[in-house]
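Protein chains in written order, with my numbering: chain A, 33 to 464; chain B, 33 to 464.
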């Protein structure tokens with residue numbers, strides 16, 4: 033009813049802040065989401081859009097035309113506008129650029145010229161710049177004439193007449209300095225500016241290591257282009273960490289939790305298809321030993337244990353190595369030590385659990401040979417899991433393939449094949 | 033040789049900043065790590081320790097005695113000191129507190145009284161406070177007398193005579209205001225202070241939503257206790273996201289990548305043991321159908337496909353729901369829609385891949401019944417995976433159990449049991 037709609041309209045535009053309205057949209061299924069979106073007032077559209085996840089944002093944007101989009105994004109920072117445009121279909125993006133006023137177009141095109149996952153793609157152009165040869169008092173007077181300093185400004189950037197970056201003047205230092213002192217004497221120069229081409233993960237690491245709130249971005253010639261602020265870096269950190277988790281299940285970190293059923297089905301189908309190939313390879317290995325299986329049916333009962341133990345142990349190693357790569361812990365110099373440790377841990381745990389499984393198998397089937405065979409196969413498979421878990425992500429990374437995405441499928445293929453082959457192969461030797 | 037040692041000593045104490053020295057220690061295997069640690073000079077020990085991951089830190093700290101520790105941590109902020117003490121064995125912590133000077137002890141004990149994963153555990157006590165009834169000019173004069181304002185200070189806190197929190201004065205607003213204006217007139221009061229008992233994940237969400245750099249922390253009576261800064265929040269976000277990834281493989285997010293082999297083996301053994309129970313349950317299910325397996329050996333060859341497809345599909349749903357829970361997207365009101373979508377996606381993908389697998393099975397074994405049986409079993413198991421993947425994390429969370437830790441084991445148990453039971457059970461009906 034219309035009372036309910038009125039209430040929702042009030043809530044979306046007045047009751048909630050834009051970031052909260054965006055959250056509400058994100059946790060609403062698609063049909064209701066579209067209804068809610070239609071209730072967002074024109075002047076709030078841009079602010080709400082900006083806070084949506086990539087997947088949801090692209091969805092809503094794809095249903096707007098260029099002039100609607102331009103109107104919605106009018107009041108946004110140029111970097112947020114550029115981010116949003118990167119989610120648009122090529123044709124829509126061109127159209128929006130075409131109808132934009134010239135000054136804005138130039139600014140946005142400049143930002144669009146840097147890939148989304150670099151410092152240039154992260155930066156905004158809201159910098160407050162000063163010259164080195166003025167006094168603190170002059171700076172204070174200058175700032176007092178500004179009514180509005182951009183959000184997250186914790187320092188002013190000192191630039192030359194030609195806009196070359198020279199240094200940083202933290203507000204805290206500005207406030208604690210003698211008014212007669214020159215900027216040149218109190219500015220900080222030890223922290224280098226960030227090149228626009230630096231990958232965003234390295235930007236994030238820099239912010240974390242140095243506890244930065246904002247940092248200047250420069251081009252190859254040292255000219256100040258803009259600044260990166262901690263709020264955008266936090267998004268990179270969050271997405272970066274989400275990436276490994278989601279990729280290991282074949283999902284995208286931008287995935288809309290409430291994506292429509294057909295899109296969900298299509299995306300999942302691909303992953304299931306890839307994994308089906310793995311499963312068929314495993315079945316083919318089992319098929320090699322049909323004769324042995326017919327003879328000793330206990331083998332069919334026990335064989336999943338061997339594959340599963342190898343898979344679990346291998347996944348632990350794989351996850352640890354992928355996380356270590358993301359944190360920058362693992363490199364050529366120390367992978368050897370890690371490989372050895374994983375191998376020893378695999379051998380020890382393999383032996384321990386092989387004995388347990390063997391004991392159970394002997395009691396269950398009253399057959400010592402089955403116990404010996406499964407014990408050996410488990411040790412072999414845990415060693416295979418340890419080796420694959422360490423070497424696969426290293427090899428994939430060198431080959432430029434995302435270890436989080438391809439690692440788990442390949443690992444399972446290896447531990448399934450080795451597990452079934454070792455178990456049924458040894459059984460064929462012992463029983464044949 | 034001693035030239036090499038000298039070079040390393042120089043690098044650890046002069047060449048690298050403490051955060052870099054800490055990274056170097058983190059990516060060094062245990063024995064070499066201890067050698068490097070011994071080269072860190074007394075005055076740098078505290079600063080390096082503070083930047084180490086929990087696991088590595090606890091390791092090094094456990095080898096120091098109370099007076100060494102006190103000396104090492106002398107120059108640290110009280111919150112970093114409290115964090116470190118939380119990693120110590122109870123006895124060592126008491127000993128350090130005993131020999132600490134009275135003022136420091138009081139401060140640290142206060143911080144220790146809040147659990148590590150709350151706002152109180154995150155905060156530090158480095159606040160700059162002012163009264164509401166003074167002018168901007170007075171504030172500026174007062175700050176100029178301070179030579180050192182704490183790092184990450186982006187705002188001053190306005191408090192009453194009794195230290196009750198009243199509002200926040202951002203430095204940017206201070207700098208752009210008329211010197212004659214009273215603090216009361218320009219301070220911001222719309223952002224509420226954070227209660228000391230707020231869980232750290234909610235603190236992180238607040239910082240992300242509001243793009244905060246620092247925020248005041250108060251006790252139940254509204255008294256200002258300290259402040260939380262973005263650098264500590266970034267650690268929470270990183271750990272929070274790492275937590276799901278690592279837990280799903282049965283690992284701890286604080287896990288030292290280069291933990292010694294025995295510790296690694298012991299921790300992994302537990303996880304393998306738990307998963308072994310799952311594997312045995314699956315085997316027991318297969319064991320129920322020994323007769324059928326003896327009759328039709330093709331079933332043994334194909335059965336891992338059914339279990340694996342259900343497991344993969346279920347893991348995708350599980351990961352999506354766990355991520356959605358962490359982002360605060362999933363709640364009672366929308367879980368019903370999600371459950372239905374997963375069920376439909378499962379049915380569609382189940383049907384698609386069931387047909388593919390059935391076709392392959394019929395061609396491979398020349399037996400239509402095997403094809404029908406496996407197709408039905410795959411559809412059933414993908415539905416089971418979708419249901420378990422949605423409902424398990426919800427149920428676990430309500431029960432106060434971490435879904436990321438327990439979810440994947442339980443899910444695999446369900447998809448294995450349902451997969452084998454459906455496939456072999458149907459086969460028994462059709463062939464029996």
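Where is the CB? At the ideal position from N, CA and C, for every residue including glycine. Nothing here was measured: the structure is a model prediction, and the numbers come from that model.
Does residue i come within less than 8 Å of chain A when only Cβ atoms are used?
i	result
residue 303 of chain B	yes
residue 381 of chain B	yes
residue 259 of chain B	no
residue 470 of chain B	Any property of residue 470 of chain B remains undetermined from this structure, which presents chain B solely from 33 to 464.
residue 276 of chain B	yes
residue 69 of chain B	no
residue 45 of chain B	no
residue 319 of chain B	yes
What is the rounded straight-line gap between the Cα of residue i and the Cα of residue j?
i	j	result
residue 319 of chain A	residue 450 of chain B	23 Å
residue 152 of chain B	residue 287 of chain A	34 Å
residue 189 of chain A	residue 182 of chain A	13 Å
residue 428 of chain A	residue 354 of chain A	11 Å
residue 250 of chain A	residue 135 of chain B	46 Å
residue 235 of chain A	residue 226 of chain A	8 Å
residue 259 of chain B	residue 273 of chain B	23 Å
residue 375 of chain B	residue 414 of chain B	8 Å
residue 403 of chain B	residue 389 of chain B	7 Å
residue 279 of chain B	residue 383 of chain A	24 Å
residue 214 of chain A	residue 211 of chain B	21 Å
residue 327 of chain B	residue 396 of chain A	21 Å
residue 311 of chain B	residue 425 of chain B	21 Å
residue 199 of chain A	residue 148 of chain A	26 Å
residue 86 of chain B	residue 233 of chain A	22 Å
For the alpha helix (DSSP H) that residue i lies in, which residues bound it at each end?
i	result
residue 253 of chain B	Looking at the DSSP string, residue 253 of chain B is not in any alpha helix (DSSP H), and its letter there is neither H nor E.
residue 371 of chain B	364-397
residue 50 of chain A	50-58
residue 187 of chain A	It is not in any alpha helix (DSSP H) - residue 187 of chain A instead sits in the beta strand (DSSP E) that spans 187-191.
residue 449 of chain A	435-463
residue 302 of chain B	293-319
residue 481 of chain B	For chain B, the structure presents residues 33 to 464; residue 481 of chain B sits outside this window and is missing.
residue 28 of chain A	Lying outside 33 to 464, the shown extent of chain A, residue 28 of chain A is not represented and no answer is given.
residue 138 of chain B	134-144
residue 157 of chain A	Segment: none, residue 157 of chain A is in no alpha helix (DSSP H) and carries neither H nor E.
Should residue i be flagged as near chain B, meaning a C-beta pair shorter than 8 Å?
i	result
residue 463 of chain A	no
residue 154 of chain A	no
residue 176 of chain A	yes
residue 241 of chain A	yes
residue 336 of chain A	yes
residue 282 of chain A	yes
residue 157 of chain A	no
residue 170 of chain A	no
residue 341 of chain A	yes
residue 252 of chain A	no
residue 183 of chain A	yes
residue 118 of chain A	no
residue 204 of chain A	yes
residue 428 of chain A	no
Please work out which residues of its chain come closer than 7 Å, Cβ to Cβ, to residue i, disregarding the five sequence neighbours upstream and downstream, and give them in chain order.
i	result
residue 264 of chain A	154
residue 292 of chain B	62
residue 409 of chain A	338, 451, 454, 455 and 458
residue 269 of chain B	236
Just to confirm my understanding: we take residue i, look at its own chain, exclude 5 residues before and 5 after, and list those with CB closer than 8 Å. What are they?
i	result
residue 193 of chain B	163
residue 99 of chain A	131
residue 348 of chain B	421
Measure the beta-carbon distance from residue i to residue j and round it to whole angstroms, keeping in mind my assumption that it falls under 8 Å.
i	j	result
residue 405 of chain B	residue 458 of chain B	5 Å
residue 262 of chain B	residue 262 of chain A	6 Å
residue 345 of chain B	residue 381 of chain B	7 Å
residue 184 of chain A	residue 110 of chain A	Not quite, the Cβ-Cβ distance comes to about 15 Å (not below 8 Å), so this is no contact.
residue 203 of chain A	residue 180 of chain A	Between residue 180 of chain A and residue 203 of chain A the Cβ distance is about 15 Å, and since that is not below 8 Å, they are no contact.
Can you list, in chain order, the residues of its chain with a C-beta nearer than 6 Å to that of residue i? Leave out the 5 residues immediately preceding and following it.
i	result
residue 340 of chain A	none
residue 144 of chain A	114
For the beta strand (DSSP E) containing residue i, name the first residue and the last one.
i	result
residue 197 of chain A	197-202
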